[in-house]
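> Numbering (my numbering), first residue to last: 15 to 275. Here it is: the structure, laid out below.
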Ligand SMILES: [Zn+2]
């Protein structure tokens, strides 16, 4: 065989492996039970993001949500967990990754729902400074996220300006590259990195100078900034686009989602 023939044979072999691999992957997918009707109506009532999707996108949303719930346990601590609670946790997970088909939260095993906001000692009923709405990956809690159940629900209320579910899941995306620095490198292309860092610092300064409508908590550090503006992006995309067009454009390219249409 000539060198060219060897190359051609190798190429064909590679192509065949790729085709079989795809078939295998395709087969192993879509083993979900049908999506319950009651769940669809919960999503339609509670999740604006879902309401605004096209019918095929809604099906993809449902599939992603089922994959998430198959993998991640949702446990109530001092409170019951019903289907609405589970779907709201799942929706919070699916929304930030909707532009990345096939991606998931590899490091997350369990979400704990508390009966209210809590403090550093995880107290919800007594003790000081019980003002934490959610937390992920703190000391000794690898693979676990905590959300205040009432705050999770409030996040889906369009009149509230927070969304703790999205906030905490975005922290996980930020940390997927190993650093909690507000730069989700796995979601970003190289040329955007430096402009993004500059934009973060400019916007944090504006918050500190009282010249921004972005929540003050966003000026805590780069990681909190990214989570806070992500809440804004997913809750009020049109307002964000109007008031901060450059920031909106950057988030649109990070999340690969155009929400202003
Ligand atoms: Zn945070």
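Ideal placement from N, C-alpha and C gives every residue a C-beta, glycine not left out.
(1) If you measure from each residue's Cβ to the nearest non-hydrogen atom of ligand 1, which ones come out under 6 Å, in chain order?
(2) For the alpha helix (DSSP H) containing residue 74, name the first residue and the last one.
(3) Could you give the residue range of the beta strand (DSSP E) that holds residue 124?
(4) How is the alpha helix (DSSP H) around residue 58 delimited, first residue to last?
(5) Tell me, to the nearest whole angstrom, how far the beta carbon of residue 269 is from that of residue 113; I am working on the premise that it is less than 8 Å.
(6) In the structure shown, what three-state DSSP assignment does residue 166 receive?
(7) Please return the same chain residues whose Cβ sits closer than 6 Å to the Cβ of residue 229, not counting the five positions on each side in sequence.
(8) Assign residue 165 to buried or exposed, taking buried as 16 or more other Cβ atoms, counted over all protein chains shown, within 10 Å of its Cβ.
(9) Compare the C-alpha of residue 195 against each of 49, 130, 237, 178 and name the closest.
(10) If you draw a straight line from the alpha carbon of residue 199 to that of residue 209, how long is it in whole angstroms?
(11) Can you give the beta carbon distance from residue 162 to residue 186, rounded, assuming they're within the 8 Å contact cut?
(12) Straight-line CA distance for residue 219 to residue 233?
(13) Please classify residue 111 as buried or exposed, where buried requires at least 16 neighbouring CB atoms within 10 angstroms.
(14) Going straight from the alpha carbon of residue 151 to that of residue 98, what length do you get?
(15) Is the beta carbon of residue 157 closer than 9 Å to that of residue 122?
(16) Here's the rule I'm using: 16 or more other beta-carbon atoms within 10 Å means buried, otherwise exposed. How should residue 64 be labelled?
(17) Short of 8 Å in beta carbon distance, which residues of its chain neighbour residue 134, apart from the five on each side in sequence? Order them along the chain.
(18) Would the beta-carbon of residue 109 fall within 9 Å of that of residue 100?
(19) According to DSSP, simplified to helix, strand and coil, what is residue 197?
(20) Looking only at its chain, what residues have a beta carbon closer than 7 Å to the beta carbon of residue 129, apart from the 5 residues adjacent to it on each side?
(21) As a quick exercise: from 107, 125, 124, 126, pick the residue whose alpha carbon is nearest that of residue 117.
(22) Would you tell me roughly how many angstroms separate the C-alpha atoms of residue 253 and residue 275, rounded to the nearest one?
(23) Would residue 19 and residue 53 qualify as a contact pair, given that the criterion is a beta-carbon distance under 9 Å?
A quick look at the data gives this:
(1) 181, 185, 238, 241
(2) 69-85
(3) 124-128
(4) 51-60
(5) 5 Å
(6) helix
(7) 242
(8) buried
(9) 237
(10) 13 Å
(11) Residue 162 to residue 186, Cβ: 17 Å. No contact.
(12) 8 Å
(13) buried
(14) 24 Å
(15) yes
(16) buried
(17) 143, 146
(18) no
(19) coil
(20) 92, 93, 138, 163
(21) 107
(22) 12 Å
(23) no
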